[in-house]
Amino acid sequence: MSASTPTILALDFDGVLCDGMSEYFWTAWRAWRRLRPSIAPDPPHGLFDRFARVRPVVERGWEMPLVIMALLSGACEAEILERWRPEALLGELGHAHDEVAAVLDGVRDEWIAADEGDWLDQHRFYPGAIQRLRRLTGGPTRVVIVTTKEGRFARKLLVRQGLDLGVEDIYGKEAGRPKPVIVRELVEPRSPARSLWFVEDRLKTLEAMKSTPGLDDVRLFLAGWGYNTPRDREAARGDSRVMLLSLERFTGDFPAWVQT
Ligand SMILES: [Mg+2]
């Protein structure tokens with residue numbers, strides 16, 4: 000296979016193929032209301048957009064209600080983006096992070112149990128992403144999803160778009176292994192003919208890939224349209240290992256991805 004076509008294309012799901020911002024926001028809002036029952040039932044006007052713009056700071060789910068807390072307390076977006084200190088907010092809130100996580104997971108589980116279709120409806124695929132995957136099916140490149148979402152939900156969302164990836168091609172939360180470990184399993188056994196490209200929207204995950212032994216030949220791409228900040232994209236531009244990818248290139252053919 001040519002150097003400009005991977006044998007395996009490993010893709011993160013949220014922030015690469017699928018935008019789940021609506022789900023994040025409403026889950027976070029409901030969790031926040033449970034933590035602070037005295038607040039009004041409806042979010043103030045404009046909160047969704049502000050939440051969406053600072054969402055890239057979130058590393059762990061429990062931080063999302065704290066983003067709402069910070070925005071409602073009057074923190075400006077730049078301050079959140081530059082100096083995100085969720086632990087300090089936990090102290091102010093008077094809860095441990097696992098308590099906030101339990102509230103968030105509970106809200107989400109209840110939503111899915113009550114109306115799974117409505118929950119799935121909160122996700123939308125980025126323009127051209129599904130068509131791109133469709134063009135790859137049956138071709139020489141194996142597409143694999145590596146996500147921290149539960150695999151069954153990623154699969155359901157894809158099936159709704161008419162794309163039925165096999166369970167063996169979706170590595171979700173239930174795999175219980177960090178992404179670099181999964182990617183290393185995918186590239187072994189090593190053969191000169193096997194190449195893997197990995198697309199992810201979190202720079203820190205790509206940095207973890209860089210420092211994992213055995214992944215030197217994996218091509219790393221930062222999805223510039225996903226949940227990352229201008230600073231992350233700038234860092235990717237100056238990085239010799241990571242390539243900053245645009246949605247336009249992602250939805251086009253492989254050789255264009257690696258053109259400089
Ligand atoms: Mg992601």
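With the first letter of the sequence shown counted as 1, position 182 gets the number 181 in numbering that gives the first Met the number 0; the numbers rise by one all the way through. Yeah, the Cβ is synthetic: ideal placement off N, Cα and C, and Gly gets one too. Note that this is a predicted model, so its numbers are computed, not measured.
Exercise for the section: Check whether the Cβ of residue 125 lies closer than 7 Å to any heavy atom of ligand 1, and answer yes or no. Expected result: Result no, Cβ not under 7 Å from ligand 1.
Practice task
Flag residue 78 as yes when its Cβ comes closer than 7 Å to any non-hydrogen atom of ligand 3, and as no otherwise.
Solution key: With respect to small molecules bound, the structure shown includes ligand 1 and not ligand 3.
Practice task
Rounded to whole angstroms, what's the CA-CA distance from residue 227 to residue 234? Just pull it up for me.
Solution key: Distance between the alpha carbons of residue 227 and residue 234: 11 Å.
Handout entry: Closer than 7 Å: residue 226 CB and nearest ligand 1 heavy atom
Key = Result yes, Cβ under 7 Å from ligand 1.
Handout entry: In DSSP terms, what residue 17 is bridged to
Key = Partner residues in the beta bridge of residue 17, as assigned by DSSP, are 13 and 124.
Handout entry: Candidates 148, 81, 259 and 240, of which the one nearest residue 10 by Cα
Key = Comparing Cα-Cα distances from residue 10 to each of 148, 81, 259 and 240, the minimum goes to 148.
Handout entry: Span of the alpha helix (DSSP H) around residue 205
Key = Run containing residue 205: 202-209, per the alpha helix (DSSP H) assignment.
Exercise for the section: State the beta-bridge partners of residue 222 as determined by DSSP. Expected result: BP columns for residue 222 point to 244.
Problem - DSSP-derived helix/strand/coil call for residue 99 - result: In the structure shown, residue 99 sits in a helix (DSSP, three-state: H, G or I).
Practice task
Please determine, among 54, 33 and 242, the residue with the shortest C-alpha to C-alpha distance to residue 78.
Solution key: Measuring from the Cα of residue 78, the nearest candidate turns out to be 54.
Exercise for the section: On the DSSP bridge assignment, give the partners of residue 28 in chain order. Expected result: For residue 28, which the question treats as bridged, DSSP gives no partner whatsoever.
Exercise for the section: Provide the residue span of the beta strand (DSSP E) that contains residue 83, from first to last. Expected result: Premise fails: residue 83 is in no beta strand (DSSP E) and is neither H nor E.
Problem - Candidates 186, 151, 207 and 183, of which the one nearest residue 173 by Cα - result: The shortest C-alpha separation from residue 173 is found at 151.
Exercise for the section: Mind checking which residues open and close the alpha helix (DSSP H) that includes residue 180? Expected result: From DSSP, the alpha helix (DSSP H) with residue 180 extends over 178-186.
Handout entry: residue 0 burial status per 10 Å Cβ neighbour count (16 or more: buried)
Key = Bear in mind that the predicted position of residue 0 carries a pLDDT of just 49, short of 50, making it unreliable; the figure below should be weighed with that in mind. Counting Cβ neighbours within 10 Å, residue 0 comes out exposed, since fewer than 16 surround it.
Handout entry: Pocket of ligand 1 (residues with CB nearer than 5 Å to any heavy atom), chain order
Key = That query returns the following residues: 11, 13, 14 and 200.
Problem - Alpha-carbon to alpha-carbon, residue 205 and residue 240 - result: Cα atoms of residue 240 and residue 205: separation of roughly 9 Å, rounded to the nearest angstrom.
Handout entry: Residue ranges of each beta strand (DSSP E) within the region 125-159, 3 or longer
Key = Every beta strand (DSSP E) stretch that sits fully inside the region 125-159 and reaches 3 residues is listed by chain position as 141-145.
Handout entry: Alpha-carbon spacing of residue 178 relative to residue 216, whole angstroms
Key = Between residue 178 and residue 216, the C-alpha separation is close to 16 Å.
Practice task
Have a look at the DSSP bridge pairing and note the partners of residue 257.
Solution key: Looking at the DSSP output, residue 257 shares a beta bridge with no other residue.
Practice task
Any chance you could list the alpha helix (DSSP H) runs of at least 4 consecutive residues sitting entirely within the region 53-83, in chain order?
Solution key: Here the runs fully enclosed are 62-71 and 76-81.
Handout entry: Cutoff 6 Å; reference residue 110; Cβ partners in own chain excluding five residues on either side
Key = Excluding sequence neighbours, residue 110 sits near 118.
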